[in-house]
Amino acid sequence: MAISPGFQGRRRPVATGLLPPGQYPTDDFPVLSTGPTPRVPTETWELSLTTEDGTHRTWSWDEMRALPHARPTVDIHCVTKWSKFGTSWEGISLDTLLEGVETTAAYVLVHSYGGYTTNVPLADLRGGRAWIVFDFDGEPLRPEHGGPARLLVPHLYFWKSAKWVRRLELLTAEKKGFWERVGYHDYGDPWREQRYEGD
Ligand SMILES: Nc1nc2c(c(=O)[nH]1)N[C@H]1C(S)=C(S)[C@@H](COP(=O)(O)O)O[C@H]1N2
Ligand SMILES: [Mo]
């Protein structure tokens, strides 16, 4: 079996029921938002992707929903120390959205409706490890959890999974997001307990 070199040794998100250091398991689904819940009607919702050379792609709600769906079941880990095992989602793989996008960018700043941002390496959005999700547990994603659609990057702390996602900005130089600017870790690997800058 060929192992694609970019992903060798990197963790694939699966529901393992393993607890990263310093976390505790919960069956609840806490809501953590820095501000009010934006209400974004699917009629006007759009997701866009920009690259460093000005290329711009946009998906309407219907265009995004028409792409092949993926159904990841994954464990999620919040930096406030709760972990939730076996969460089931439906959405579109970032591999699908990034197909054919020509870029030398290594970084992404993810923008949300409402103004939240978070930074993620582009490589971490590839390889079956990240999705734009619109259903949780067989139901449309509730607004407080990021509906109509959020990013899901479960191998990183959950603050990277931007709710109400609206734009992926591909960048050749890293720009920090909302929490990263105030001292949270740029990468945020729960298995290495990268909670704060310097961890
Ligand atoms: N747009 C936006 N996305 C966000 C946040 C936020 O405040 N705004 N909070 C982050 C944090 S810190 C966590 S733990 C998760 C919480 O998601 P939940 O409210 O669905 O549990 O969303 C992340 N994504
Ligand atoms: Mo969080």
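Sequential numbering of the sequence shown, starting at 0, is according to numbering that gives the first Met the number 0. Just so you know, even glycine gets a beta-carbon here, dropped at the ideal spot from N, CA and C.
Tyr183 counts as buried, since no fewer than 16 other beta carbons sit within 10 angstroms of its beta carbon. Scanning its chain for C-beta atoms nearer than 8 Å, with the 5 sequence neighbours on each side dropped, one finds around Thr33 the residues Tyr115 and Phe177, in chain order. Under the three-pair Cβ rule at 8 Å, the region 141 to 160 does not count as touching the region 95 to 105. Within the region 57 to 104, the runs of alpha helix (DSSP H) at least 4 residues long that lie entirely inside it are, in chain order, 60 to 64 and 93 to 97. The alpha-carbon separation between Pro19 and Tyr186 amounts to approximately 15 Å. Bridge partners of Arg149 according to DSSP: Val132. Ordered by chain, the residues meeting the criterion of a beta-carbon within less than 6 Å of a non-hydrogen atom of ligand 2 are Leu31, Cys77, Val78, Thr79, Phe157 and Trp158. Following the DSSP letters along the chain, one finds Glu45 in no alpha helix (DSSP H) but inside the beta strand (DSSP E) bounded by residues Glu45 to Thr49.
In the three-state reduction of the DSSP assignment, Leu124 falls in the helix class.
With a cutoff of 7 Å, Lys175 does not count as near ligand 1, since its C-beta is closer than that to no heavy atom of the ligand. Distance check between Trp81 and each of Tyr195, Pro142, Gln22 and Glu179 places Gln22 closest, using alpha-carbon atoms only.
Within the chosen limit of 7 Å, ligand 1 reaches the beta carbon of Tyr115 through at least one heavy atom.
Cβ-Cβ separation between Val119 and Leu66: approximately 20 Å, too far for a contact (criterion under 8 Å). The shortest CA-to-CA distance from Thr36 to any of Asp136, Ala148 and Arg125 is the one to Ala148. About 6 Å separates the beta carbon of Arg165 from that of Leu46, a gap short enough to meet the 8 Å contact definition. In the displayed model, His154 falls within coil according to three-state DSSP, outside both helix and strand.
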